[in-house]
Amino acid sequence: MPDLLIELFSEEIPARMQARAAEDLKRLVTDGLVEAGLTYEGAKGFATPRRLALTVHGVTARSADVKEERKGPRVGAPEKALQGFLRSAGLASIDDAKIESDPKKGDFYVAVIEKPGRAAEEIVAELLPQVIRNFPWPKSMRWGAASAPKDSRFADADALGTGSLRWVRPLRSILCMFGPETEDPEIVSFKVGDIEAGNVTYGHRFMAPDAIRVRRFDDYVPKLEAAKVVLDPERRRNIIATEAKNLAFAQGFEVVEDAGLIDETAGLVEWPVVLMGRFDEAFLEIPEEVIRLTIRQNQKCFVLRGADGALTNRFLLVSNIEARDGGKEIIAGNERVIAARLSDARFFYEQDLATPLGEWGAKLEAVTFHDKLGTQAERVARIATLAGALAPVVNAKAGEAERAAKLAKADLPTGMVGEFPELQGVMGRYYAKAQGEAANVADAIRDHYKPQGPGDAVPTEPVAMAVALADKLDTLTGFWAIDEKPTGSKDPFALRRAALGVIRIVLENGVRLPLLPLFSKRLDETTSADLLAFFADRLKVHLRDQGARHDLIDAVFALPGQDDLLMIVRRVEALAGLLASDDGQNLLTSYRRAANILRAEEKKDGKSYTGEPDHALIHEKGEAAERELLAVIESVEVHVEKHLKLEDFSGAMGSLAELRPAVDAFFDHVTVNADDAQLRENRLTLLNRIREAMHGVADFSKIGG
Numbered sequence: 014m015p016d017l018l019i020e021l022f023s024e025e026i027p028a029r030m031q032a033r034a035a036e037d038l039k040r041l042v043t044d045g046l047v048e049a050g051l052t053y054e055g056a057k058g059f060a061t062p063r064r065l066a067l068t069v070h071g072v073t074a075r076s077a078d079v080k081e082e083r084k085g086p087r088v089g090a091p092e093k094a095l096q097g098f099l100r101s102a103g104l105a106s107i108d109d110a111k112i113e114s115d116p117k118k119g120d121f122y123v124a125v126i127e128k129p130g131r132a133a134e135e136i137v138a139e140l141l142p143q144v145i146r147n148f149p150w151p152k153s154m155r156w157g158a159a160s161a162p163k164d165s166r167f168a169d170a171d172a173l174g175t176g177s178l179r180w181v182r183p184l185r186s187i188l189c190m191f192g193p194e195t196e197d198p199e200i201v202s203f204k205v206g207d208i209e210a211g212n213v214t215y216g217h218r219f220m221a222p223d224a225i226r227v228r229r230f231d232d233y234v235p236k237l238e239a240a241k242v243v244l245d246p247e248r249r250r251n252i253i254a255t256e257a258k259n260l261a262f263a264q265g266f267e268v269v270e271d272a273g274l275i276d277e278t279a280g281l282v283e284w285p286v287v288l289m290g291r292f293d294e295a296f297l298e299i300p301e302e303v304i305r306l307t308i309r310q311n312q313k314c315f316v317l318r319g320a321d322g323a324l325t326n327r328f329l330l331v332s333n334i335e336a337r338d339g340g341k342e343i344i345a346g347n348e349r350v351i352a353a354r355l356s357d358a359r360f361f362y363e364q365d366l367a368t369p370l371g372e373w374g375a376k377l378e379a380v381t382f383h384d385k386l387g388t389q390a391e392r393v394a395r396i397a398t399l400a401g402a403l404a405p406v407v408n409a410k411a412g413e414a415e416r417a418a419k420l421a422k423a424d425l426p427t428g429m430v431g432e433f434p435e436l437q438g439v440m441g442r443y444y445a446k447a448q449g450e451a452a453n454v455a456d457a458i459r460d461h462y463k464p465q466g467p468g469d470a471v472p473t474e475p476v477a478m479a480v481a482l483a484d485k486l487d488t489l490t491g492f493w494a495i496d497e498k499p500t501g502s503k504d505p506f507a508l509r510r511a512a513l514g515v516i517r518i519v520l521e522n523g524v525r526l527p528l529l530p531l532f533s534k535r536l537d538e539t540t541s542a543d544l545l546a547f548f549a550d551r552l553k554v555h556l557r558d559q560g561a562r563h564d565l566i567d568a569v570f571a572l573p574g575q576d577d578l579l580m581i582v583r584r585v586e587a588l589a590g591l592l593a594s595d596d597g598q599n600l601l602t603s604y605r606r607a608a609n610i611l612r613a614e615e616k617k618d619g620k621s622y623t624g625e626p627d628h629a630l631i632h633e634k635g636e637a638a639e640r641e642l643l644a645v646i647e648s649v650e651v652h653v654e655k656h657l658k659l660e661d662f663s664g665a666m667g668s669l670a671e672l673r674p675a676v677d678a679f680f681d682h683v684t685v686n687a688d689d690a691q692l693r694e695n696r697l698t699l700l701n702r703i704r705e706a707m708h709g710v711a712d713f714s715k716i717g718g
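Here it is, written out as structure tokens:
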């Protein structure tokens with residue numbers, strides 16, 4: 014079956030857009046082929062800095078013929094209805110339609126529309142211009158003759174881009190070939206603007222710039238490789254990673270891993286060549302994080318560690334060319350730029366250190382946190398107060414927690430954080446340590462931002478925990494107070510991340526932290542309940558990722574006063590353990606039976622059967638199973654209460670399981686809806702006693718399955 018090869022050759026495509034663009038090209042083309050009636054066996058998209066490419070294997074050569082019947086108006090219908098039917102069906106005369114009969118509606122016209130299949134080349138020639146003109150680039154540009162780069166290799170360089178064509182960067186040529194493996198493929202002929210599809214591509218801009226004629230994908234890839242272009246981005250990534258590792262190892266170093274930088278550099282080069290440079294050892298006095306960010310962000314280079322684990326004064330760069338001098342000039346140029354950048358960084362660092370951290374913090378009075386929540390200085394004061402209050406909860410000293418909180422945001426106005434916002438907290442720790450602050454206070458300045466994502470560790474040192482919790486809780490209560498909550502996928506203030514951070518700190522450190530008393534200091538009862546519900550949703554997400562059932566979380570949260578996250582999770586774990594047993598599953602079935610009977614009878618009678626059942630009536634007129642159930646319920650309630658006071662939730666669940674035999678016997682031998690109205694009411698009240706006993710541990714009505 015034939016294969017299709019497409020290449021869209023342009024000026025440099027931003028690295029961050031390449032992977033998505035390759036997938037979009039694949040999706041748009043293959044979807045278009047299928048919609049037009051063609052099938053295919055497989056497809057794969059590729060991207061380099063100057064081209065998007067797509068190969069589609071096993072495309073059917075022609076779409077199938079289609080025969081469609083379209084029902085028309087009744088025989089004898091008005092002329093206007095007949096004419097409209099003829100136009101929509103593409104018929105010249107009503108004589109071209111056939112007549113069919115319906116027993117109820119009579120005779121009516123039917124048009125038989127036959128659409129012959131189309132050659133794949135025709136479909137592709139129609140599809141590709143639409144794909145190109147409507148390509149979903151995040152940003153695109155329109156260009157014209159006046160701005161078209163002058164290049165003698167392109168015959169129509171001055172005319173490229175005229176008309177309404179938009180592309181991420183000027184589109185230079187289109188390659189489109191189609192045909193089976195056993196025959197020479199043909200050019201699929203079409204034009205987009207002034208660019209005509211052909212069989213020509215171009216190699217590396219500097220090392221092999223001449224035109225290359227291509228037949229199919231099997232010769233396209235090796236011809237590009239010979240012209241110093243590695244088409245597959247995954248292969249470019251592997252080349253960079255392998256060469257970097259080998260070059261570093263040969264010198265006794267180790268590359269500091271940076272998958273994001275490998276991806277980015279693979280999108281910047283078509284022919285990756287890894288080279289090693291160096292900078293003055295004196296710069297190693299700057300904090301490691303500053304060196305790494307300076308070299309990474311400004312020059313897209315990798316840093317190295319020595320055998321002792323410390324950062325070295327070497328770096329690796331990824332060039333896009335095999336230079337005649339072995340890369341000496343390229344290395345020298347990067348060394349000059351990195352030296353200048355590191356000099357700037359050292360200047361910022363030394364200037365920042367010259368000012369006490371407390372003085373930097375005073376500058377926050379002029380920085381607005383939010384129009385409705387005041388300045389950063391006001392926020393810091395709130396966090397410090399809250400951190401001091403939380404200190405005993407996490408076994409921290411209140412004074413140290415307050416001190417750390419007062420300095421936690423002090424590095425925000427510094428020159429270094431202004432240059433590299435990613436270093437907020439990190440630089441504060443360096444400055445605090447250099448200026449004599451206690452180690453746990455300095456560490457808390459850095460760690461109070463944690464966790465910043467699912468892969469980030471939580472703070473475990475008590476002072477850092479107190480400040481981290483205070484920071485996140487102040488953010489959440491503040492934005493709830495001004496009704497700025499996440500909506501749908503929008504969360505501009507990262508409130509979901511803040512709530513998840515509180516949850517992880519509490520759970521992973523085993524912290525007992527009732528939330529409602531903290532909320533009530535700033536929020537009314539309704540808003541506090543809403544924020545607690547938000548935490549419940551975040552907790553569901555967190556526990557679901559660990560395999561827990563969200564309905565069990567609902568069952569526990571439905572109990573009154575459930576705001577201690579650690580205890581909620583322990584209840585959920587105990588509830589899951591109960592339901593994993595046969596006794597638990599059977600008890601849940603019995604509960605549902607009792608709850609369903611109660612719900613139906615309460616609705617019918619218009620009242621609730623709460624309160625204590627009449628013990629005398631049960632003993633005088635009740636069945637043996639009824640008396641046994643009452644005795645078991647009273648015993649279980651005592652045991653459950655005892656276990657709950659000890660926060661032994663597994664024990665409480667185990668006590669509930671003792672209900673199962675008595676409940677089963679009750680339903681087997683006792684008629685709830687007895688003819689005796691007094692006995693019926695008493696038995697319904699006894700069923701409610703089962704429901705209430707179980708609801709003391711969890712709301713079993715919330716449990717699905």
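Residue numbers for the sequence shown follow my numbering, so the first one is 14 and each next one is one higher.
Quick reminder that beta carbons are idealized off the backbone N, C-alpha and C, glycines included.
| Query | Result |
| --- | --- |
| Report the start-end ranges of each beta strand (DSSP E) in the segment 281 to 316 that is 3 residues or longer and not cut off at the edges. | 286 to 291 |
| For the alpha helix (DSSP H) containing tyrosine 215, list its first residue and its last residue. | Run containing tyrosine 215: none in the alpha helix (DSSP H); it sits in the beta strand (DSSP E), 213 to 215. |
| Please state whether DSSP places leucine 659 in a helix, a strand or coil. | coil |
| Compute the beta-carbon to beta-carbon distance between aspartate 487 and glutamate 474, rounded to the nearest angstrom, for a pair I have assumed lies under 8 Å. | About 20 Å; that fails the 8 Å criterion. |
| List, from N- to C-terminal side, the beta strand (DSSP E) runs of 3 residues or more that fit wholly inside the segment 591 to 628. | none |
| Does the Cβ-Cβ distance between leucine 520 and leucine 578 come in under 9 Å? | yes |
| What residue range is occupied by the uninterrupted alpha helix (DSSP H) comprising glutamate 6? | No information on residue 6 is available, as it lies outside the stretch 14 to 718 that the chain covers here. |
| Would you kindly work out how many angstroms separate the C-alpha atoms of threonine 73 and glutamate 25, rounded to a whole number? | 34 Å |
| What is the C-beta distance between alanine 571 and lysine 715, in whole angstroms, given that I count them as a contact (C-beta under 8 Å)? | 5 Å |
| Report the residue from Arg702, Gly709, Ile631 whose alpha carbon sits nearest the alpha carbon of lysine 658. | Gly709 |
| Go ahead and label glycine 401 buried or exposed: buried means 16 or more other beta carbons lie within 10 angstroms of its beta carbon, across all protein chains shown. | buried |
| Please report how far the alpha carbon of aspartate 357 lies from the alpha carbon of valine 515, in whole angstroms. | 37 Å |
| Residue range of the beta strand (DSSP E) that phenylalanine 262 falls in? | No beta strand (DSSP E) contains phenylalanine 262, which is instead part of the alpha helix (DSSP H) from 246 to 263. |
| In or out: asparagine 259 buried (at least 16 other Cβ within 10 Å) or exposed? | exposed |
| In its own chain, which residues sit with a C-beta less than 7 Å from the C-beta of glutamate 432, not counting the 5 before and 5 after it? | Phe361 |
| Buried or exposed: where does aspartate 564 fall if 16 or more other Cβ atoms within 10 Å of its Cβ makes it buried? | exposed |
| I'd like to check one pair, valine 205 with isoleucine 225: are the Cβ atoms closer than 9 Å? | no |
| So what's aspartate 108 in DSSP terms, helix, strand or just coil? | helix |
| On the premise that glycine 58 lies in contact with lysine 39, defined as a C-beta separation below 8 Å, what is that separation, rounded to the nearest angstrom? | 4 Å |
| Who pairs with tyrosine 122 in a beta bridge, going by DSSP? | Ile112 |
| State the start and end residues of the unbroken beta strand (DSSP E) segment that holds aspartate 37. | Note, aspartate 37: premise wrong, no beta strand (DSSP E); alpha helix (DSSP H) at 28 to 48. |
| Output the distance between the C-alpha atoms of phenylalanine 121 and alanine 90, rounded to the nearest integer angstrom. | 9 Å |
| Name the DSSP beta bridge partners of glutamate 372, please? | According to DSSP, glutamate 372 bridges with nothing at all. |
| Who are the near neighbours of arginine 337 in its chain, counting only those whose CB is closer than 7 Å to its CB and skipping five residues on each side? | none |
| Between which two residues does the beta strand (DSSP E) carrying asparagine 147 extend? | Asparagine 147 -> no beta strand (DSSP E), and no H or E assigned at all. |
| How big is the Cα-Cα spacing for phenylalanine 548 and alanine 477? | 21 Å |
| Would you tell me roughly how many angstroms separate the C-alpha atoms of threonine 325 and alanine 353, rounded to the nearest one? | 18 Å |
| Which of the three DSSP states is assigned to leucine 17 in this structure? | strand |
| Taking leucine 377 as the reference, give the member of Thr368, His383, Lys385, Ala390 with the closest Cα. | Ala390 |
| Should alanine 494 and leucine 529 be called a contact, given that it needs their Cβ atoms to be closer than 9 Å? | no |
| Assign threonine 495 to one of three DSSP states: helix, strand, or coil. | Reading off the sequence shown, one finds isoleucine at residue 495, where the question assumed threonine. In this structure, isoleucine 495 counts as coil in the three-state DSSP scheme. |
| Using alpha carbons as the reference points, say which of Lys503, Ala511, Phe506 lies closest to aspartate 484. | Ala511 |
| Near aspartate 712, which residues of its chain fall below 7 Å by C-beta distance, leaving aside the five closest residues on each side in sequence? | Ala568, Ala571, Leu572 |
| Going by Cα to Cα distance, which pick from Tyr462, Asn212, Lys118, Asp44 is closest to arginine 229? | Asn212 |
| Touching or not, the segment 665 to 677 and the segment 641 to 654, by the rule of three or more beta carbon pairs under 8 Å? | yes |
| Since lysine 410 contacts alanine 417 with CB under 8 Å, what's their CB separation in whole angstroms? | Incorrect: roughly 10 Å between the Cβ atoms, too far for contact. |
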